[in-house]
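Trainee: Each protein sequence line maps, in turn, to chains L and Z.
Position 145 of the first sequence, counting from 1, maps to 145 under the working numbering, and the rest follow consecutively.
Position 44 of the second sequence, counting from 1, maps to 1044 under the working numbering, and the rest follow consecutively.
Positions of the beta carbon are idealized from the N, C-alpha and C atoms, including for glycine.
All figures in this text were calculated on a predicted structure; none of them were measured in a lab.
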Amino acid sequence: MSKITVVDYGVGNLLSVTRALAECGAEVTLSGDPQHIAAAPAIVLPGVGAFGDCMIELERRGLVEPLKAYLRSDRPALGICVGMQILLEIGEEFGEHAGLGIIRGRVRAIPNTRTDGIPHKIPHIGWSEIYPPPGRCWENTILAPVRPGSCCYFVHSFTAEPADPGNRLADCDYDGRTVCAAVDLGAVSGVQFHPEKSGVVGLAILNRFLDMTDAASS
Amino acid sequence: MANVRLIARLDIKGPNLIKGVHLEGLRVIGDPNDRAREYYDAGIDEIVYMDIVASLYNRNSLADIVERTARHIFIPITVGGGIRTIEDVARLLRSGADKVAINTAAIRRPELISEVATRFGSQCMVLSIEAKSSGPATWEAFTDNGREHTGRDAVGWAQEGVARGAGEILLTSIDREGTRRGLDIDLIRAVSRVVSVPVIASGGMGSIDHLIAAVKEGCADAVAMADILHYRRVPLAEIRAGARAAGLPVRAA
């Protein structure tokens, strides 16, 4: 059974993600303890609210350095929503804030107009189709079980812009604006959408993450 | 816009799923958990639970239902009815709700909107507005299932709510609710054009054409359905296919 540590740093509601992982057969531990996280075989990093607030909470709990060390250790990690965004170097929500910086690039506001200049709704809330960016393939990634064009559930106003297009794992289109839906670098992946709220597609992604975790630890 | 969300709205009284007309004359439909599961399996995009008598009796019986539903359903769940305090919100989120819908308590103390948004994020704070026509192109916001006047203009209240931090508007037309006569397009459009956040249109959907009109003419971002699903008048797959055939963006479930 996959042992997954969900990083609990007082941000957001961890119930849904915990239940979804358990539904997929994981043995889930919630922890905000730096030593436990440093020793975990696999982590899920959730996040909700503002980029800077999430980093402040990690800082307060002494988790920034242990998480950076973990993310460089080639062990499986999955960031979700703002937990994905803080994998990048800098977030621009309410001023500039340093992230965990494992993936080069910034997190910027989704433009508040469509490409034709007409205002659109922000946040981007709802089910959007995800696709591999040009030249990318989902084989051997957490999205391996997903058919391109499948929908996932998004709630966000900011979007990751990895400096290296090779770190873009999935995109979605929001009124002509390309929004980064997933990133990856080695064993570290991040999804902007909520797999725990994306029905059978989301559960398939979490299952795949557990399979990759099992493969990494065996 | 993102894909139009097709939302199942389940009004709750005690342990039962109920349905009324104009939010009154309630009939018991069945077990809310069974129906939520059925709609989830059929590919619904989101579930809304409203405890529609909670604010009348100052109680909140929803947490148990939400707790059971959220164990097996992995789509967004919004819960409303009788929420008064930050503690009420925290309790529902702990039960498995992703968002809360607040009407009466926000009218009484609008600061609650900002408090919930600040503490749990705007994405969590859905402002529920029950609107009734009060003249040509004007609507008044009501509380307690359309019984209590607030004296507030529904469109202005929506704007204020968003300015205070509401992340979505659940807009229910009391005039149309339970009538199957179609959603109130003018109301939906009036609100949708002045707020920057998504508007969930609720009340009156009796056919696929009503859904199409609410989105195309009313600019609704999502439509909450009750009667049409609860009485099994049109299967969800047919609603989805009809919406797609009319050119509405909906997800391929």
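Which residue wins for smallest C-alpha separation from residue 44 of chain L, given the options L:127, L:142, L:130, L:174?
Mentor: If we check each option's Cα against that of residue 44 of chain L, L:142 comes out closest.
Trainee: From the DSSP output, in three-state form, read off residue 3 of chain L for me.
Mentor: In this structure, DSSP gives residue 3 of chain L an extended state, which the three-state scheme calls strand.
Trainee: Counting only the same chain and skipping the five closest in sequence on each side, list residues whose C-beta sits under 8 angstroms from that of residue 1061 of chain Z.
Mentor: 1012, 1014, 1015, 1051, 1054
Trainee: Does DSSP put residue 1074 of chain Z in a helix, in a strand, or in coil?
Mentor: coil
Trainee: How close, in whole Å, do the beta carbons of residue 155 of chain L and residue 110 of chain L come, if the pair is a contact with beta carbons under 8 angstroms?
Mentor: So it is not a contact: roughly 12 angstroms between Cβ atoms.
Trainee: Could you tell me which chain Z residues have their CB closer than 8 angstroms to the CB of residue 127 of chain L, listed as they occur along the chain?
Mentor: Chain-ordered, the chain Z residues with CB closer than 8 angstroms to the CB of residue 127 of chain L read 1002, 1003, 1005, 1045, 1251.
Trainee: Determine the chain B residues that contact residue 175 of chain L at a beta-carbon separation under 7 angstroms, and present them in chain order.
Mentor: Of the chains in the structure shown, none is chain B; the protein chains are L and Z.
Trainee: State the start and end residues of the unbroken beta strand (DSSP E) segment that holds residue 162 of chain L.
Mentor: Going by DSSP, residue 162 of chain L is part of the beta strand (DSSP E) stretching over 158-162.
Trainee: For residue 246 of chain L, count neighbouring C-beta atoms within 10 Å of its own C-beta (all shown protein chains included) and say buried if the count is 16 or more, exposed if not.
Mentor: Not covered by the structure: residue 246 of chain L. The range shown for chain L is 1 to 218.
Trainee: Report the three-state DSSP secondary structure of residue 209 of chain L (helix, strand or coil).
Mentor: helix
Trainee: Using DSSP bridges, identify the partner residues of residue 193 of chain L.
Mentor: Answer is none; residue 193 of chain L lacks a bridge partner.
Trainee: Tell me, please, whether the CB atom of residue 99 of chain L is closer than 8 angstroms to any CB atom in chain Z?
Mentor: Not an interface residue.
Trainee: Check for me: the alpha helix (DSSP H) holding residue 1191 of chain Z runs from which residue to which?
Mentor: 1185-1192
Trainee: Are there 16 or more other CB atoms within 10 angstroms of the CB of residue 1058 of chain Z, so buried, or fewer, so exposed?
Mentor: Because the pLDDT at residue 1058 of chain Z is just 47, under 50, the model does not fix this residue reliably, and the value given afterwards should be weighed accordingly. When all chains shown are included, residue 1058 of chain Z counts as exposed.
Trainee: Against chain Z, does residue 208 of chain L count as a neighbour if the rule is that its beta carbon must be under 8 angstroms from one of theirs?
Mentor: no
Trainee: Would you report the Cα separation of residue 1195 of chain Z and residue 1160 of chain Z, rounded to the nearest angstrom?
Mentor: Near 9 angstroms, if we compare the C-alpha coordinates of residue 1160 of chain Z and residue 1195 of chain Z.
Trainee: Return helix, strand or coil for residue 1117 of chain Z, following the three-state DSSP convention.
Mentor: Reduced to three states, the DSSP call for residue 1117 of chain Z is helix.
Trainee: Does the region 1147-1165 of chain Z touch the region 1116-1125 of chain Z, meaning 3 or more C-beta pairs lie closer than 8 angstroms?
Mentor: yes
Trainee: Go through its chain and collect everything with a Cβ distance to residue 212 of chain L's Cβ below 8 angstroms, but skip five positions before and after it.
Mentor: 76, 142, 187
Trainee: Which one of Z:1235, Z:1087, Z:1180, Z:1142 has the shortest CA to CA distance from residue 1116 of chain Z?
Mentor: Z:1087
Trainee: In angstroms with no decimal places, state the Cα-to-Cα distance between residue 1131 of chain Z and residue 1001 of chain Z.
Mentor: 24 angstroms
Trainee: Using a Cβ distance threshold of 8 angstroms, determine whether the region 193-208 of chain L contacts the region 91-103 of chain L, with at least three qualifying pairs required.
Mentor: no
Trainee: Is there a C-beta anywhere in chain L that falls below 8 angstroms from the one on residue 1017 of chain Z?
Mentor: No - not a single Cβ of chain L is within 8 angstroms of the one on residue 1017 of chain Z.
Trainee: Counting only Cβ pairs nearer than 7 angstroms, list the residues of chain L close to residue 1076 of chain Z.
Mentor: 153, 197
Trainee: Residues bridged to residue 1016 of chain Z by DSSP?
Mentor: Z:1013
Trainee: Roughly how many angstroms separate the alpha carbons of residue 191 of chain L and residue 1025 of chain Z, rounded to a whole number?
Mentor: 45 angstroms
Trainee: Name the residue from Z:1203, Z:1097, Z:1197 whose alpha carbon lies nearest to the alpha carbon of residue 1146 of chain Z.
Mentor: Considering only Z:1203, Z:1097, Z:1197, the residue with the shortest C-alpha distance to residue 1146 of chain Z is Z:1203.
Trainee: So with CB distances below 9 angstroms, who are the chain Z contacts of residue 13 of chain L?
Mentor: Those are 1093, 1094, 1096, 1097, 1098, 1120, 1124, listed as they occur along chain Z.
Trainee: Starting from residue 54 of chain L, trace the alpha helix (DSSP H) both ways and give me its first and last residue.
Mentor: 51-60
Trainee: My guess is that residue 1189 of chain Z and residue 1218 of chain Z are in contact by the Cβ rule of under 8 angstroms, so how many angstroms apart are they, rounded?
Mentor: 5 angstroms
Trainee: Going by other Cβ atoms of all chains shown within 10 Å of its Cβ, with 16 needed for buried, is residue 137 of chain L buried or exposed?
Mentor: exposed
Trainee: Could you check whether the region 112-132 of chain L touches the region 147-166 of chain L, counting it as contact only if at least three pairs of C-beta atoms, one from each stretch, sit closer than 8 angstroms?
Mentor: yes
Trainee: Are residue 1184 of chain Z and residue 1176 of chain Z close, meaning C-beta to C-beta below 8 angstroms?
Mentor: Between residue 1184 of chain Z and residue 1176 of chain Z, the C-beta gap is smaller than 8 angstroms, which places the two residues in contact.
Trainee: Tell me where the alpha helix (DSSP H) around residue 982 of chain Z begins and ends.
Mentor: No statement about residue 982 of chain Z is possible, as the shown extent of chain Z runs from 1001 to 1253 and does not include it.
Trainee: What in chain Z is Cβ-close to residue 68 of chain L, meaning under 8 angstroms?
Mentor: Result: empty, since nearest Cβ-Cβ is about 25 angstroms, beyond 8 angstroms.
Trainee: Answer yes or no: do residue 1105 of chain Z and residue 1083 of chain Z have a C-beta to C-beta separation smaller than 8 angstroms?
Mentor: Going by beta carbons, residue 1105 of chain Z and residue 1083 of chain Z fall inside the 8 angstroms limit.
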